[in-house]
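**Q**
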Ligand code: DX5
Ligand code: ZN
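In our numbering, the protein residues as written are 19 to 234.
1) Using a threshold of 8 Å, is the CB atom of residue 216 nearer than that to any non-hydrogen atom of ligand 1?
2) Does the beta-carbon distance from residue 150 to residue 211 come in below 9 Å?
3) Does the distance from the CB of residue 162 to the CB of residue 216 come in under 9 Å?
4) Within the same chain, show all residues whose beta-carbon is closer than 6 Å to that of residue 45, passing over the 5 residues directly before and after it, in chain order.
5) Quick check on the contact list: which residues have their beta carbon closer than 6 Å to a heavy atom of ligand 2?
6) From residue 84 to residue 52, what distance separates their C-alpha atoms?
7) Sort out for me which residues DSSP pairs residue 214 with in a bridge.
8) Could you give the first and the last residue of the continuous beta strand (DSSP E) run that contains residue 189?
9) Under a three-way DSSP split, which group does residue 52 fall into?
10) Specify, as a first and last residue, the run of the alpha helix (DSSP H) that residue 230 falls within.
11) Where does the unbroken beta strand (DSSP E) through residue 121 begin, and where does it stop?
12) Note the first and the last residue of the continuous beta strand (DSSP E) segment covering residue 38.
13) Measure the CB-CB distance between residue 80 and residue 66 and report whether it falls below 9 Å.
14) Mind checking which residues open and close the alpha helix (DSSP H) that includes residue 172?
15) Assuming residue 93 is part of the alpha helix (DSSP H), what are its boundary residues?
16) On a Cα-Cα basis, can you pick out the residue from 120, 60, 109 and 112 that is closest to residue 103?
17) Does residue 105 come out as helix, strand or coil in the three-state DSSP assignment?
18) Residues in its own chain within less than 7 Å of residue 154 by CB, not counting five upstream and five downstream?
19) Assuming contact is defined by CB atoms lying nearer than 9 Å, are residue 82 and residue 101 in contact in what I supplied?
20) Might you give, ordered along the chain, the residues of its own chain that have their beta carbon closer than 6 Å to the beta carbon of residue 197, omitting 5 neighbours on each side?
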């Protein structure tokens, strides 16, 4: 069954605990946490103290998406705050293997993410070391943007590679512009985890929203 990771970026921050509990009750699989530094992306969102604050309010894995330059400098802090998965941008770190090994050494599952314009071949050398690959279907920085369907070819390629190579155990996650219509395209190409912000939190009934995305 396709996993759903609601992005709390689109939630009501004044009621974050209630928002998280509601999507957990509604069947979410991960809580997706978007961290932005105002440098790697042109926006600032939330950071370590928020991850620490939400860790006790849910039993779901915290899927922390670092949209920050030199993420290696913050791996330890996010690990200590309770991140379950830490995903770093290939474009943001000079020594990808070193950063991934650092995440693993803190007992956290490592993920690697690429922007829509980044070729998937660039991360092939790291695939055997990671638990998750995140394919961006928008340019990161904001919720509510339009889905870039061209990026889905990378999902298909990743699915083909892992069918050919038993050493690859990564999940394929898609993030950006996912809704009840675009989710079908993601699943058809082999995605396992779908991140959705607006399509879940901007709807009154979160259970229906999650089911619409999962069952499209
Ligand atoms: C974009 C973030 C996404 C975003 C998704 O920079 O990484 O996780 O919150 O929001 P929607 O689903 O509204 O495109
Ligand atoms: Zn994200």
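All C-beta atoms in this analysis are idealised placements derived from N, C-alpha and C, irrespective of residue type, glycine included.
**A** On the basis of the supplied data:
1) True, at least one ligand heavy atom lies under 8 Å from that Cβ.
2) With respect to residue 211, residue 150 sits close: the two C-beta atoms are nearer than 9 Å.
3) Yes, the pair counts as a contact, with Cβ atoms nearer than the cut-off.
4) Sequence-distant Cβ neighbours of residue 45 in its own chain, meaning closer than 6 Å and more than five residues away, are 228.
5) Here the residues come out as 25, 50, 52, 83, 193 and 213.
6) Distance between the alpha carbons of residue 84 and residue 52: 6 Å.
7) Answer is 24.
8) Run containing residue 189: 189 to 193, per the beta strand (DSSP E) assignment.
9) Correct three-state label for residue 52: strand.
10) Residues 224 to 232.
11) Secondary structure note for residue 121: it is in no beta strand (DSSP E), and the uninterrupted alpha helix (DSSP H) holding it is 114 to 123.
12) Per DSSP, residue 38 lies in no beta strand (DSSP E) segment; the continuous alpha helix (DSSP H) that holds it begins and ends at 34 to 43.
13) Against a cut-off of 9 Å, the Cβ pair of residue 66 and residue 80 comes out as no contact.
14) Where residue 172 is concerned, the enclosing alpha helix (DSSP H) stretches over 170 to 182.
15) Bounds of the alpha helix (DSSP H) holding residue 93 are 93 to 99.
16) Of the listed residues, the one whose Cα sits closest to residue 103 is 120.
17) If DSSP states are grouped into helix, strand and coil, residue 105 belongs with the strands.
18) Excluding sequence neighbours, residue 154 sits near 131, 132, 133, 134, 169, 193 and 194.
19) For residue 82 and residue 101, yes; Cβs fall inside 9 Å.
20) Listed in chain order, the non-local C-beta contacts of residue 197 below 6 Å within the same chain comprise 217, local neighbours out to five positions each way being set aside.
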